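Enquirer:
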Amino acid sequence: MSDGLLTRRAAWPTEPLRSEILEMKTFERAAHVMRGGVILAALAGVAACSSSGGGGGGGGGAGAGGGGGGSSATGLSATEYQALFDSYQTPSLGNAPTSDMPVTGSGTYEGTVQVDVRDPAGADAGAFLGDVALEVQFGAPSGPATTRPMPTGGSVTERNGTTPITGTVTNVRGTLSDGTEVTSDVEFSTAHAAAQAAGGGILTTQESVVDTGIAGVPTVETRTGALTVPMGATITDANAGGLDARGTALLTLGGVMMGPEAAASVGTATLNIDDPALPGITDVSGSGTYVVEKQ
C-alpha cells in the first residue's frame, strides 16, 4: 500500500466521528421530514374534506402565493375555490411552510372558506362558501426557551410566542342538499362572544435555532407560524341561509402559514351551531378548508 493512500486514509474521520456525523444527518433529515410531513399530512387531510359541490362553475382559481393588489381569493364559486385550494398542494417553494415569519408589523389576509354542513341527524345539509378577512399581528417569540441536545454535541433551542388575530367571514353563499342556491348576510367575527369564549384569534410563531456544534457549520434559525381563528355568529330566521337551525354558531379556522414571509395560510375549517330548541350540544356541524393570502 502506498504512503499516499495511507495518508488519505489517515485523514478520513474515525469510526466514532463518522457515526456521529451520520447521526447528525439522520437527526437533521428527520427534523426536516417531520416539519414538512406535518404540513403534507394536514393538507392531505383537509383535501379529503374539501368539496367542489354547490355554486356555479367558473375559471381556474388564483395562483398560489397571493400577495399584492386586490384579492383574487374572494367571491369565488365552489369550482374556483377548489382550484385555488388545489394549487396550494402542488409541490413548490412558494407552497412550502414559512420558515421566515415576520416579527414586527401586521398583515392583512383575504380568502375563502368552504364548509360542508350536516344536520342534527348527520345527513348532508349543503355546502357553503364565505369570504374571509383577517388582520394578523406579528411578533418575535418571547416565551421560555427549551433546549435539547443534538448527537453532534450541538443543540436545538426553541421558543414560542403568540400574537392576536382579528377577522370576519361575510358574503356567505352556497347550495342546500336539495340543490337550492342560497345566500346569507350573517357575519362571523372574532369579536363575537362565542369567539372570545373560545380564546380569540391567535397566531403562534415558533423560533428554532440549530447549532450543530461542528466547526465551520453556521447556526441556522427558522421561524414557523400557525393560526387558530374562532369566529362567532348568531343564527336567526333572517340569516339562516336555508339551514334548519337557530342559535350560536362558531366557525374555527386552523392552519399553517405558507410561503416567504407568511404569504398565505391554508388549513381546515369547522362549524358548530348550538340551537337551544334542540337537545344536542352541537346541533348542526360542518367541516371544510380555507385559503387566505396576504394582500
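The opening residue of the sequence shown carries number 4 in the numbering used here; numbering runs sequentially from there.
Where a beta carbon is used, it is the ideal one built from N, C-alpha and C, also for glycine.
No experiment lies behind these values; they were computed from the predicted model shown.
1. Looking only at DSSP bridge pairs, what is PHE141 linked to?
2. Count the C-beta pairs between the segment 271-281 and the segment 83-95 that are closer than 8 Å, then say yes if the count reaches three, no if not.
3. Please classify ALA196 as buried or exposed, where buried requires at least 16 neighbouring CB atoms within 10 angstroms.
4. Taking ASP103 and PRO263 to be in contact with their CB atoms under 8 Å, please state how far apart those CB atoms are, rounded to whole angstroms.
5. Helix, strand or coil for THR82 per DSSP?
6. Could you check how far apart the C-beta atoms of ALA130 and ARG121 are, in whole angstroms? I think they sit under 8 Å.
7. Taking the DSSP output, what are the residues bridged to SER288?
8. Could you pull the start and end residues of the alpha helix (DSSP H) that ALA148 belongs to?
9. Give the secondary structure of LEU96 by DSSP, where H, G and I count as helix, E and B as strand, and everything else as coil.
10. Find out if the Cβ-Cβ distance for the pair GLY235, SER192 is shorter than 9 Å.
11. Within 10 angstroms of the Cβ of PRO152, are there 16 or more other Cβ atoms? Answer buried if so, exposed if not.
12. With DSSP run on the structure shown, which of helix, strand or coil describes SER180?
13. On the DSSP letters alone, give me the boundaries of the alpha helix (DSSP H) that ALA252 sits inside.
14. Taking all protein chains shown into account, do 16 or more other C-beta atoms lie within 10 angstroms of the C-beta of SER268, making it buried, or fewer, making it exposed?
15. Roughly how many angstroms separate the alpha carbons of ALA65 and ALA218, rounded to a whole number?
16. Measure the C-alpha to C-alpha separation of PRO282 and PRO123 and round it to an integer number of angstroms.
17. What's the call for ALA280, buried or exposed, on a 16-neighbour Cβ count within 10 Å?
18. Taking GLN199 as part of the alpha helix (DSSP H), name the residues at either end of that continuous run.
19. Sort out for me which residues DSSP pairs GLN209 with in a bridge.
20. Quick one: what does DSSP say ASP214 is sitting in, helix, strand or coil?
21. Rounded to whole angstroms, what's the CA-CA distance from MET261 to ALA126? Just pull it up for me.
22. Between the C-alpha atoms of ALA201 and GLY216, what's the straight-line distance to the nearest angstrom?
23. Within the same chain, show all residues whose beta-carbon is closer than 6 Å to that of THR255, passing over the 5 residues directly before and after it, in chain order.
24. Taking C-alpha atoms, which residue in GLU161, VAL135, ASP89 and VAL294 lies nearest to THR225?
25. In whole angstroms, give me the CA-to-CA distance for GLU190 and LEU96.
26. Am I right that GLU210 and ALA76 are in contact with their C-beta atoms under 8 Å? What's the rounded C-beta distance?
27. Sort ASP247, THR239, GLY228 and ALA252 by Cα distance to PRO100 and report the nearest one.
28. In chain order, what residues of the same chain have a beta carbon less than 6 Å from the beta carbon of THR165, not counting five sequence neighbours either side?
29. Alpha carbon to alpha carbon, what distance is there between ASP119 and GLU184?
30. How would you call GLY170, buried or exposed, if buried means at least 16 neighbouring beta carbons within 10 angstroms?
Expert: Looking at the atomic coordinates:
1. Translated into positions along the sequence shown, residue 141 becomes position 138. None, per the DSSP bridge assignment.
2. No, the segment 271-281 is not in contact with the segment 83-95.
3. In the sequence shown, residue 196 corresponds to position 193, counting from 1. That one is exposed.
4. Numbered from its first residue, the sequence shown carries residue 103 at position 100. Numbered from its first residue, the sequence shown carries residue 263 at position 260. Sure, about 7 Å apart at Cβ, within 8 Å.
5. Stepping through the sequence shown from its first residue, residue 82 is reached at position 79. Assignment of THR82 by DSSP, reduced to helix, strand and coil, places it in the helix class.
6. For the purposes of this step, residue 130 is identified with residue 127 of the sequence shown, where counting begins at 1. For the purposes of this step, residue 121 is identified with residue 118 of the sequence shown, where counting begins at 1. So it is not a contact: roughly 11 Å between Cβ atoms.
7. Counting from one through the sequence shown, the residue named residue 288 turns up at place 285. Answer is ARG121 and ASN275, bridged to SER288.
8. Taking the sequence shown and counting its residues from 1, the one referred to as residue 148 is at position 145. For ALA148, no alpha helix (DSSP H) run applies, since DSSP gives it neither H nor E.
9. On the sequence shown, residue 96 is found 93 positions in, with the first residue counted as 1. Three-state result, LEU96: helix.
10. Here residue 235 refers to the residue found at position 232 of the sequence shown. Here residue 192 refers to the residue found at position 189 of the sequence shown. The Cβ-Cβ distance between GLY235 and SER192 falls below 9 Å.
11. Counting from 1 along the sequence shown, the entry for residue 152 is found at position 149. By the neighbour-count rule (16 or more Cβ atoms within 10 Å), PRO152 is not buried but exposed.
12. For the purposes of this step, residue 180 is taken as the residue at position 177 of the sequence shown. Secondary structure of SER180 (DSSP, three-state): coil.
13. Residue mapping note: residue 252 aligns to position 249 of the sequence shown, counting from 1. Premise fails: ALA252 lies in the beta strand (DSSP E), 250-261, not in any alpha helix (DSSP H).
14. Taking the first residue of the sequence shown as 1, we reach residue 268 at position 265. Buried, by the Cβ-count rule.
15. Here residue 65 refers to the residue found at position 62 of the sequence shown. Here residue 218 refers to the residue found at position 215 of the sequence shown. Unreliable placement is indicated for ALA65, whose pLDDT of 36 sits below 50; the coordinate value is still reported in the next sentence. In this structure, the alpha-carbon of ALA65 lies about 46 Å from that of ALA218.
16. Working through the sequence shown from its first residue, we reach residue 282 at position 279. Working through the sequence shown from its first residue, we reach residue 123 at position 120. One C-alpha to the other measures close to 10 Å.
17. Sequence index remark: in the sequence shown, residue 280 carries index 277 (1-based). Its Cβ having fewer than 16 others within 10 Å, ALA280 is exposed.
18. Against the sequence shown, residue 199 aligns to sequence position 196. Here the alpha helix (DSSP H) through GLN199 covers 196-200.
19. Counting from one through the sequence shown, the residue named residue 209 turns up at place 206. Paired residue(s): ASN163 and THR227.
20. As a first step, residue 214 is located in the sequence shown; it is residue number 211 there, counting from the start. Assigned with DSSP and collapsed to three states, ASP214 falls in strand.
21. In the sequence shown, residue 261 corresponds to position 258, counting from 1. In the sequence shown, residue 126 corresponds to position 123, counting from 1. Across the structure, MET261 and ALA126 are spaced so that their CA atoms are roughly 34 Å apart.
22. On the sequence shown, residue 201 is found 198 positions in, with the first residue counted as 1. On the sequence shown, residue 216 is found 213 positions in, with the first residue counted as 1. Rounded to the nearest angstrom, the two C-alpha atoms are 43 Å apart.
23. Here residue 255 is taken as the residue at index 252 of the sequence shown, counted from 1. Contacts found: PRO233 and THR273.
24. Counting from 1 along the sequence shown, the entry for residue 225 is found at position 222. Of GLU161, VAL135, ASP89 and VAL294, the residue nearest in Cα terms is GLU161.
25. Taking the sequence shown and counting its residues from 1, the one referred to as residue 190 is at position 187. Taking the sequence shown and counting its residues from 1, the one referred to as residue 96 is at position 93. If you draw a straight line from the Cα of GLU190 to the Cα of LEU96, it is about 35 Å long.
26. In the sequence shown, the residue the question calls residue 210 occupies position 207. In the sequence shown, the residue the question calls residue 76 occupies position 73. Not really, about 28 Å apart at Cβ, beyond 8 Å.
27. Counted from its first residue, the sequence shown places residue 100 at position 97. Selected option, being the one with the closest Cα: GLY228.
28. Position 162 of the sequence shown, counting from 1, holds the residue named residue 165. Around THR165: ILE205 and THR207.
29. Mapped onto the sequence shown, residue 184 falls at position 181. Mapped onto the sequence shown, residue 119 falls at position 116. Straight-line Cα distance between these residues: approximately 14 Å.
30. Working through the sequence shown from its first residue, we reach residue 170 at position 167. Only buried fits GLY170, as 16 or more other CB atoms lie within 10 angstroms of its CB.
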